[in-house]
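In the UniProt record's numbering, the protein residues as written are 1 to 134.
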């Protein structure tokens with residue numbers, strides 16, 4: 001019985017849907033069709049620079065993220081531009097996997113801020129190995 005319950009919990013956890021790649025939290029734009037189209041990055045010592053691109057075929061949002069990856073990994077600086085707006089980036093969460101024997105991996109959730117510091121959009125990057133060259 002205990003194994004059946006544990007198995008059901010594991011399966012339900014595996015089927016959980018990840019959040020939308022881009023969510024409007026105050027920007028007044030329809031971003032329901034936006035997808036993460038590209039994530040590239042380069043690690044240099046304790047720094048990781050990442051460029052993420054989201055779009056729907058007609059419009060796009062470009063996000064630049066600069067992390068310090070000494071534990072714990074933290075976003076030091078981020079900026080974004082798209083949909084006629086631009087601003088800073090606030091880290092909600094991030095996951096970094098070293099990449100000593102391969103490319104580094106990064107993932108997380110980030111708020112894209114407007115000029116007034118309020119969140120306009122929330123973007124997500126599922127944990128994934130980064131394509132080189134940024």
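Note that CB positions come from ideal geometry on N, CA and C, so glycine has one too.
(message) With H, G and I counted as helix, E and B as strand and the rest as coil, what does DSSP make of residue 73?
(response) The answer is coil: DSSP assigns residue 73 none of H, G, I, E or B.
(message) Taking 6 Å as the limit between beta carbons, can you name the residues of its chain near residue 19, skipping five residues before and five after?
(response) Taken in chain order, the residues that qualify are 124.
(message) My output table needs one value for residue 59: the three-state DSSP class, helix, strand or coil.
(response) DSSP places residue 59 in coil when its eight states are reduced to three.
(request) Return yes when the Cβ of residue 129 is within less than 8 Å of the Cβ of residue 103, no when it is not. (result) In this structure, residue 103 places its C-beta atom within 8 Å of the C-beta atom of residue 129.
(request) Ignore the nearest five residues each way along the sequence and tell me which others in residue 97's own chain have a CB closer than 6 Å to its CB. (result) If we look at residue 97 and ignore the five residues flanking it on each side, its Cβ neighbours are 105.
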